[in-house]
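Report on the structure given below.
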């Protein structure tokens with residue numbers, strides 16, 4: 013099975029807005045940066061997949077973005093809850109990627125979506 017390794021932002025992560033100390037802890041924050049998305053392939057002779065990726069973290073208590081995952085809270089709070097979520101699945105391959113895949117049909121990258129329970 014493929015192993016995806018995520019490196020967090022390489023530089024410049026900073027809050028999008030300053031928080032007022034008198035306000036409650038329901039502030040909204042956004043962080044933006046950049047980093048590599050690295051995926052090793054489980055096929056003999058296949059190269060590691062490296063893709064430059066924007067790094068975005070945003071949460072406003074209704075919607076969230078966490079690197080490549082986007083979602084909407086359905087029940088709960090930011091610290092725990094049930095949400096509807098979606099994320100890309102870049103596990104595609106071509107038969108030419110490795111001799112072990114010879115004769116197999118190419119597989120495209122896709123999306124997966126569903127419910128998430130987190131805490």
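Numbering (my numbering), first residue to last: 13 to 131.
Beta carbons are placed, not taken as given, at the ideal position from N, Cα and C, and that holds for glycine.
These figures come from a predicted structure and were not determined experimentally.
As assigned by DSSP and simplified to three states, the class of residue i
i           : result
residue 33  : Residue placement at residue 33 is flagged as unreliable, the pLDDT there being 47, under the threshold of 50; the coordinate-derived value follows with that caveat. Here residue 33 sits in coil by DSSP.
residue 96  : strand
residue 108 : helix
residue 113 : helix
residue 87  : strand
Unbroken beta strand (DSSP E) run spanning residue i, endpoints
i           : result
residue 65  : 61-71
residue 41  : 41-52
residue 78  : 75-78
residue 122 : 122-130
Residue i and residue j closer than 9 Å at C-beta
i           : j           : result
residue 92  : residue 126 : no
residue 43  : residue 63  : no
residue 117 : residue 108 : no
residue 56  : residue 112 : yes
residue 73  : residue 51  : no
Three-pair Cβ contact test at 8 Å for the stretch 92-107 versus the stretch 72-84: yes
Contact between the stretch 101-109 and the stretch 67-76 (3+ Cβ pairs under 8 Å): no
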